[in-house]
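Scroll down for the structure; my scribbles are underneath it.
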Amino acid sequence: MVIKRIIVYDSVESTMDIARELDRGDVVVALSQRRGRGRKGREWFSPRGGLYLTIVTERMSACRATIVSSVSIARALEKIGIKSSIKWPNDLYVENNKISGILSVTTEDKTLIGIGVNVRTEKFPPDLNATSIFLQGINIGIFRFLSMLIDTFLNVYYEDSRVIFEEWKRRLDLRNRKVFHENSIWDIVDVDENCQLIIYREGIEKRVSSTDDIKFL
Ligand code: BTN
Numbered sequence: 062m063v064i065k066r067i068i069v070y071d072s073v074e075s076t077m078d079i080a081r082e083l084d085r086g087d088v089v090v091a092l093s094q095r096r097g098r099g100r101k102g103r104e105w106f107s108p109r110g111g112l113y114l115t116i117v118t119e120r121m122s123a124c125r126a127t128i129v130s131s132v133s134i135a136r137a138l139e140k141i142g143i144k145s146s147i148k149w150p151n152d153l154y155v156e157n158n159k160i161s162g163i164l165s166v167t168t169e170d171k172t173l174i175g176i177g178v179n180v181r182t183e184k185f186p187p188d189l190n191a192t193s194i195f196l197q198g199i200n201i202g203i204f205r206f207l208s209m210l211i212d213t214f215l216n217v218y219y220e221d222s223r224v225i226f227e228e229w230k231r232r233l234d235l236r237n238r239k240v241f242h243e244n245s246i247w248d249i250v251d252v253d254e255n256c257q258l259i260i261y262r263e264g265i266e267k268r269v270s271s272t273d274d275i276k277f278l
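Residue numbering for the sequence shown follows our numbering, beginning at 62 and increasing consecutively.
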């Protein structure tokens, strides 16, 4: 994959909508979104100060999109001194606060990887439990972080998929976690190579994906 164009908008409804019309290798960036979208129909808080982008790639599985993008963001954050962990499948947290989220969509011939990073955001609605690079004490410009992120993304994209899977697993925070699934509490055991969560309860082991009915406790 090569990056062909980086198209920057001041404000858009959602970079996901624009990306649908673009080609593989294009990246659409916005400085704010009027209708930023999160996973599971949620809204993504998108004021000026954050970085909102969608990368259009070759068609890939949801699992690969999850791994490539979350590992890229975690590495880019690490380069500027921020230690984050991945909350399965692909939310980036600094301690208990979310710093970045990913929404990937696959169409017939391409995958749209939407990434929101709280770069310079100074205030969040209290119910969001969010943080930003700025609030972590790092003063970096949006475009500087964008270029680091794209650079890291391209590196990760070409790395051996087994190696990045292991890195994703290492960065996942699954310790002492339990999930609520089908009216009961389950223990998290591990993740498998399809990015599914392996959960256990009363002698039963099950594999669930992020679109299943599952809630972290
Ligand atoms: C989530 O954590 O629920 C996913 C958030 C994804 C947000 C990004 S910002 C750029 C792109 N455009 C959107 O409307 N959403 C994604």
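Backbone N, C-alpha and C fix where the C-beta goes; we use that ideal spot for every residue, glycine too.
Asked, Found
"Within-8 Å CB hit, Thr167 to chain B", "Protein chains in the displayed structure number just one, and chain B is not present."
"Nearest-angstrom Cα separation, counted from Ser161 out to Lys115", "Residue identity differs from the one stated: residue 115 is Thr in this sequence, not Lys. Roughly 13 Å between the two C-alpha positions."
"Segment contact flag, the stretch 207-215 with the stretch 224-231, C-beta cutoff 8 Å, min 3 pairs", "no"
"Tyr154 versus Val69, Arg268, Leu233, residue with shortest Cα-Cα distance", "Leu233"
"Sequence-distant residues of the same chain with beta carbon closer than 7 Å to Trp247, five excluded per side", "Lys239, Val240, Ile260, Tyr261, Arg262"
"Continuous beta strand (DSSP E) assignments of at least 3 residues falling wholly in the stretch 170-201", "171-178"
"Candidates Ile199, Arg100, Glu139, Lys144: closest to Thr272 by CA position", "Arg100"
"Per-residue burial, Lys276 [other beta carbons within 10 Å of its own, 16 or more giving buried]", "exposed"
"Environment of Lys171 [buried if 16+ CB atoms lie within 10 Å]", "buried"
"Option in Met121, Ile201, Lys267, Arg98 with minimal Cα separation from Lys140", "Ile201"
"Residues proximal to the ligand BTN by C-beta, any heavy atom closer than 6 Å", "Ser75, Thr76, Met77, Gln94, Gly97, Arg98, Gly99, Arg100, Arg103, Trp105, Tyr113, Leu114, Thr115, Asp152, Gly162, Ile163, Leu164, Gly175, Ile176, Gly177"
"Distance CB(Gly111)-CB(Ser75) smaller than 8 Å", "no"
"Candidates Val89, Asp84, Ile64: closest to Val73 by CA position", "Val89"
"Element boundaries [alpha helix (DSSP H), containing Asp78]", "76-80"
"C-alpha distance - Ser48 paired with Arg181, whole-angstrom precision", "Summary: the structure shown does not reach residue 48, with the chain confined to residues 62 through 278, and so no result is reported for it."
"3-residue-minimum beta strand (DSSP E) runs that sit fully inside the stretch 223-252, ordered along the chain", "239-242, 245-252"
"Start-to-end residues for the alpha helix (DSSP H) that takes in Arg205", "203-219"
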